[in-house]
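Chemist: This is the structure I want to talk about, given as structure tokens.
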Ligand code: ASP
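In the working numbering, the protein residues as written are 9 to 737.
Listed below in structure tokens is the structure:
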């Protein structure tokens, strides 16, 4: 009986997926929109890609039989992409992707972030501890091997446990006998599964970075904006053991020999040219309902924007003109600002594009289809989702202001790290040596924390953010401890901040150090009564309970319904090619170089040049200054072989590739498979593409490789690096 069910189920699934693929092959796919799986290009996209100008084959992009482009693309540092550009493991990515490593390796004496860094030879390359890069060895469709084990009668818990077990088995079997890692990811809200075999290197060294005035030119003013002139690149090298396999840092390690590296073309692009971006897009949500989009536009984004507005204003005020604070907070502020500005652009774009209205119109069509669809009953799907999102919305303030306001206070977040130490000490099961060892580890971590910490900033943050939390989270959802303590200070949050920062050990390195010395059960008790720790633990415990009780069950129900909704959409539109949402797995997106109309009468050209550098340049400005030598080169038009036919120095260009966060640092490739630039951003009017792509205004921004090479060669004189590259004419 079970066997029969499984056989039928597999058949059904096969029919379903084959249905999608067959439909695809008869379709004229008009990509631009879409982040495609490299292993499906042959079936789904290659004809369209070639029709748009691509001259190579799907095998050139992804192959398990021979080296291909995929062997030159890496997940960089967890959240970005990088590419191999030499036979000796040289890696190109964005400056903003290397930013935190460059920041960590900088000091007031050797301020690589501010001044740039160029290793003149391999011995000068600097190890970047904690940085890692991951290659994809292969990927496999394991949908059948997972979903054929579940059935419609199973309750969700059994279903989830069965899937978990299948995933564990598959991961173990693909990994067996290799030094690779394996993991499985769900696609299409759990309607498909793919397994990835990966290889991760951890000895990564900094090779070159332009000064921030080049790498971050335009700062936050220009971030997410076109036209752009940011020289957003940095260079690292991957090191391996003598066997070319991953190895922990050692001075004996040697440059990694990649299976493939990109040839580089200096020919540049013109409007209409084919381009393709190969990388690791992080997260998109293209198939959301109107209720979810409404939540994003009208609750989540405005809430988080409000918090970050205030957080950034505080940090920026202290950083201005202060190198020490800038080194401590530049990376933190940059991370906050990047998402903050994107949420703003996304909200505006979704509103302008009438995203809610478009989704509603689609949902009406869906409902008509569902009402008459024979087979599984989807009639209640949308009404149920609407109810669930309505209930979810009631917790939006709690979620957003706890994570973005309450936990914006570094001391509270830091105090939370001590939970495990305190509970281990209070359990009194560790030997005194083990406890001492653990406490010593905490001392080391504390030293790291305080080296990047400015108490004045955090005290102001505490006062501002807790006041915000208090005014935005519904009073009945706030922790009683929080409310009582605030009341003790008559809701004067500055007074509370002054008192708690004077008293707590978590804002005072000496006091904390003393407390961790000869750490004991008694000291653990004292630590747990520290006002900062107490505040953290009271609010966090209640929050965790609320999430568990109210939010997780809603989310779980939404997830199940979205699985059905996704599947039903595919059934409703058998002729449409659905691409899976981004989930930090390797994807290909392709399009053409194109300007765009931003608004009535405002038309943007597709490329920028040195002329814009000169126009934006403002000596001494925080965001628009440029190094003297660069200004001189630009004034003299001394661009070497990197000028275009008109004699101008190309800086950046835009195209219709569908990209997102995580695509930063991705190789941008021309029709011949040659590297022509590095992806680094999107245009303001198109930042909503994570939720709704619009071919008329969504553009990715690419740093032209000629500007990168000009900086390396003519500005920095790092000809040692140029010599390593494979330049093609
Ligand atoms: N700037 C983004 C990133 O940091 C790229 C994008 O979202 O387009 O990954």
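Backbone N, C-alpha and C fix where the C-beta goes; we use that ideal spot for every residue, glycine too.
Could you give the C-beta distance for residue 696 and residue 363, rounded to a whole number, given that I count them as a contact under 8 Å?
Modeler: That belief holds up - the Cβ atoms of residue 696 and residue 363 are roughly 7 Å apart, short of 8 Å.
Chemist: As an exercise, report each continuous beta strand (DSSP E) stretch of at least 3 residues that is fully enclosed by the region 259-307, in chain order.
Modeler: Entirely contained in the region 259-307, the beta strand (DSSP E) runs reaching 3 residues are, in chain order, 282-287.
Chemist: Using 8 Å as the cut-off, can you tell me whether the region 466-486 makes contact with the region 448-456, which would need three or more C-beta pairs spanning the two stretches below that distance?
Modeler: No, because fewer than three Cβ pairs between the region 466-486 and the region 448-456 fall closer than 8 Å, the two stretches do not touch.
Chemist: Give me the Cα-Cα distance between residue 600 and residue 163, rounded to the nearest whole angstrom.
Modeler: Spanning the two alpha carbons is a distance of roughly 47 Å.
Chemist: With a 10 Å radius around its C-beta and 16 neighbouring C-beta atoms as the bar for buried, classify residue 676 as buried or exposed.
Modeler: Looking at its Cβ environment, which holds 16 or more other Cβ atoms inside 10 Å, residue 676 is buried.
Chemist: Measuring alpha carbon to alpha carbon, tell me which residue in 382, 580, 318, 274 is nearest residue 713.
Modeler: Nearest of 382, 580, 318, 274 to residue 713, Cα basis: 274.
Chemist: Just to confirm the assignment, what range does the alpha helix (DSSP H) spanning residue 375 have?
Modeler: Residue 375 -> alpha helix (DSSP H) spans 363-380.
Chemist: Who are residue 208's beta bridge partners in DSSP?
Modeler: Residue 208 is bridged to 142.
Chemist: What's the gap between the Cα of residue 435 and the Cα of residue 535?
Modeler: Taking the straight line joining both Cα atoms gives about 14 Å.
Chemist: Give the single residue among 736, 594, 643 whose Cα lies nearest to the Cα of residue 674.
Modeler: It is 594 whose Cα lies nearest to the Cα of residue 674.
Chemist: Going by Cα to Cα distance, which pick from 208, 231, 241, 232 is closest to residue 222?
Modeler: The residue with the shortest Cα to Cα distance from residue 222 is 241.
Chemist: Assuming residue 611 and residue 603 make a contact with CB atoms under 8 Å, what is their CB distance in whole Å?
Modeler: 6 Å between Cβ atoms; contact.
Chemist: Could you tell me the boundaries of the alpha helix (DSSP H) in which residue 613 lies?
Modeler: No alpha helix (DSSP H) holds residue 613; DSSP gives it neither H nor E.
Chemist: By a C-beta neighbour count over all protein chains shown, 10 Å radius and 16 as the cutoff for buried, is residue 678 buried or exposed?
Modeler: Burial call: buried.
Chemist: Would you check if there are 3 or more beta carbon pairs closer than 8 Å linking the region 74-82 to the region 142-151?
Modeler: Yes, the region 74-82 is in contact with the region 142-151.
Chemist: Just verifying my parser: in three-state terms, what is the DSSP assignment at residue 583?
Modeler: Residue 583: coil per DSSP, three-state reduction.
Chemist: When every heavy atom of ligand 1 is checked, does at least one fall within less than 8 Å of the C-beta of residue 315?
Modeler: Result no, Cβ not under 8 Å from ligand 1.
Chemist: So, for residue 103: in the same chain, excluding its five sequence neighbours on each side, which residues have a beta-carbon less than 6 Å away from its beta-carbon?
Modeler: Excluding positions up to five away in sequence, the list reads 223, 240, 241, 242.
Chemist: With a threshold of 9 Å between beta carbons, is residue 578 in contact with chain D?
Modeler: Any reference to chain D falls outside this structure, which holds one protein chain only.
Chemist: Please indicate yes or no: does the CB of residue 304 lie closer than 8 Å to some heavy atom of ligand 1?
Modeler: No, the Cβ of residue 304 stays beyond 8 Å of every heavy atom of ligand 1.
Chemist: Is residue 104 near ligand 1, going by C-beta to nearest heavy atom under 8 Å?
Modeler: Yes, Cβ of residue 104 sits closer than 8 Å to a heavy atom of ligand 1.
Chemist: For residue 317, which residues in the same chain have their Cβ closer than 8 Å to its Cβ, ignoring the five residues on either side in sequence?
Modeler: The residues are 348.
Chemist: Are there three or more Cβ pairs, one per stretch, closer than 8 Å when the region 303-316 is compared with the region 408-418?
Modeler: They touch, by the three-pair rule.
Chemist: Just reading off the alpha helix (DSSP H) that residue 421 is part of, what are its end residues?
Modeler: Element bounds for residue 421: 418-424.
Chemist: Flag residue 331 as yes when its Cβ comes closer than 8 Å to any non-hydrogen atom of ligand 1, and as no otherwise.
Modeler: Checking every heavy atom of ligand 1 against the Cβ of residue 331, none is found closer than 8 Å.
Chemist: Using only alpha-carbon positions, find the residue among 307, 325, 554 that is nearest to residue 405.
Modeler: Minimum Cα distance to residue 405 is reached at 307.
Chemist: Give the range of the alpha helix (DSSP H) segment to which residue 519 is assigned.
Modeler: Segment 517-524, the alpha helix (DSSP H) holding residue 519.
Chemist: Terminal residues of the continuous beta strand (DSSP E) containing residue 689?
Modeler: Residue 689 -> beta strand (DSSP E) spans 683-690.
Chemist: Below 9 Å between beta carbons: does that hold for residue 421 and residue 544?
Modeler: A contact, by the Cβ cut-off of 9 Å.
Chemist: Assuming residue 647 and residue 638 are in contact, meaning their beta carbons sit under 8 Å apart, how far apart are those beta carbons, in whole angstroms?
Modeler: At roughly 11 Å, the Cβ-Cβ gap does not stay under 8 Å, so residue 647 and residue 638 are not in contact.
Chemist: Based on Cα-Cα distance, which residue from 49, 557, 467, 365 lies nearest to residue 302?
Modeler: Among 49, 557, 467, 365, the Cα nearest to that of residue 302 belongs to 365.
Chemist: Within its chain, find whatever has a CB closer than 6 Å to the CB of residue 85; leave out the 5 residues flanking it on each side and keep chain order.
Modeler: So the qualifying residues of the chain are 139.
Chemist: Between residue 472 and the rest of its own chain, which residues show a CB-CB distance below 7 Å, the 5 nearest in sequence each way excluded?
Modeler: So the list reads 318, 322, once near-sequence residues are dropped.
Chemist: If we count Cβ pairs, one from each stretch, closer than 8 Å, do we get three or more for the region 245-253 versus the region 206-214?
Modeler: Result yes; three or more Cβ-Cβ pairs closer than 8 Å.
Chemist: Whole angstroms are fine: how far does the CA of residue 110 sit from the CA of residue 119?
Modeler: If I take the Cα positions, the gap works out to 9 Å.
Chemist: Pairing CB atoms from the region 683-699 with CB atoms from the region 332-342, are three or more of them under 8 Å?
Modeler: Because the criterion of three Cβ pairs below 8 Å is not met, the region 683-699 and the region 332-342 do not touch.
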